[in-house]
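>
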Amino acid sequence: MKGKRIMSSVLIIIMVGLTIYYTLYGAQGWYDPASGSDLLLRTWEHIKLVGIAEFLAITVGISAGLLITRPGLKFLATPVTGIANVGLAIPPLALVAGVSPFFGIGFRPGIIALFIYSLLPVLRNATVGIEDIDQSVIESAKGMGMSKLQIFRKIELPLALPVIVSGIRYSTILCVGTAAIAALINAGGLGQIIMRGQSVNFVSLMMQGALLTAGLAVTLDWLLSEVEEKLTPEGLKLGKESE
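Mapping the sequence shown onto our numbering, position 232 (from 1) lands on 232, and the numbers just tick up by one.
This is the structure we're talking about:
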């Protein structure tokens, strides 16, 4: 874990450093790179896109994922995960473009596209996290007289939490990259800078947007890795180390 922290820190420093370099010295002929204020605005838009879409994906994905693990509702697992699989199977570019005929263009359609694309990893890991729990642990809890709600709250959910966070982490990284494509429907974000540079073949602009997008993905991956590490029970950590 310490090695990952160091590597993530180095990558973030390099990406931020290169972004500053292109911002200060990236002028090319008649073209100037994006200003610092423009970069901050687009970064904030990108964070809002990812944050809202992920909030919806986490809320719906975890709720649905946990619900379909309940004994009386397991028959819903196949259709629910199948629908979510369809969303992830569609290429990001096609998905972003596909929402515009129904919802128009702009920030809200971008949120809808990102939500659809980010849902499956959260839903899948919420389901897998519960289903992979050793049934002997559940039976022991029943033998101790714990109710179904107590078993879910004190046994199943804590043991499944690291797997759920892992799904959120993967979903967030996907969402950061896909949010750049959402600029195609004028949703805002760092993709606007990348597309602006691409339209005039201006490398500095494209690099500014790409580096900040990658830096945001690495930063969020690092932070969520720390959360996952904190939420993993010590017994499971020892199990992983011994494998």
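For each residue, glycine too, the CB sits at the ideal point set by N, CA and C.
What alpha helix (DSSP H) runs, 4 residues minimum, are completely inside the region 161-199?
Entirely contained in the region 161-199, the alpha helix (DSSP H) runs reaching 4 residues are, in chain order, 191-199.
> Per DSSP, what are the beta-bridge partners of Tyr117 in this structure?
DSSP output for Tyr117 lists no bridge partner at all.
> Measure the beta-carbon distance from Pro33 to Gln208 and round it to whole angstroms, keeping in mind my assumption that it falls under 8 Å.
About 6 Å separates the two Cβ atoms, so the contact holds.
> Which stretch, first to last residue, makes up the alpha helix (DSSP H) that contains Trp222?
Taken as a continuous stretch (DSSP letters only), the alpha helix (DSSP H) holding Trp222 covers 203-231.
> Could you check the C-alpha separation between Leu249 and Leu211 for me, to the nearest Å?
Since the first residue shown for the chain is 1 and the last is 243, residue 249 is missing from the structure and cannot be characterised.
> Buried or exposed for Met15, going by 16 or more other Cβ atoms inside 10 Å?
Answer is buried; the Cβ neighbour count reaches 16.
> In the DSSP assignment, what are the bridge partners of Tyr22?
Its beta-bridge partners do not exist; DSSP assigns none.
> Assuming Ile105 and Asn186 make a contact with CB atoms under 8 Å, what is their CB distance in whole Å?
Their Cβ separation, rounded to whole angstroms, is 5 Å, which keeps Ile105 and Asn186 in contact under 8 Å.
> Which whole-angstrom value is the C-beta distance of Ser171 and Ser118, which I expect to be below 8 Å?
At roughly 4 Å, the Cβ-Cβ gap stays under 8 Å, so Ser171 and Ser118 are in contact.
> Under DSSP, the alpha helix (DSSP H) around Lys142 begins and ends at which residues?
Per DSSP, Lys142 belongs to the alpha helix (DSSP H) from 135-143.
> Report, in whole angstroms, the separation of the C-beta atoms of Leu66 and Ile130, which I expect to be a contact under 8 Å.
The pair is a contact, with the Cβ atoms about 6 Å apart (cut-off 8 Å).
> At 3 residues or longer, what runs of the beta strand (DSSP E) sit wholly inside the region 75-124?
You should have found no qualifying run.
> Whole angstroms is fine: what's the gap from Gly145's alpha carbon to Arg153's?
Cα to Cα, Gly145 sits roughly 14 Å from Arg153.
> Quick one: give me the first and last residue of the alpha helix (DSSP H) that Thr59 is part of.
36-67 is the span of the alpha helix (DSSP H), which, as asked, contains Thr59.
> In angstroms, rounded to a whole number, what distance separates the CA positions of Pro92 and Phe115?
Taking the straight line joining both Cα atoms gives about 12 Å.
> Under 7 Å between the Cβ atoms of Gly110 and Leu49?
A contact, by the Cβ cut-off of 7 Å.
> So, Thr19 versus Thr69, is the Cβ gap smaller than 7 Å?
Result no, Cβ atoms of Thr19 and Thr69 do not sit closer than 7 Å.
> Answer yes or no: do Thr219 and Ile12 have a C-beta to C-beta separation smaller than 7 Å?
Cβ distance < 7 Å, so Thr219 and Ile12 count as in contact.
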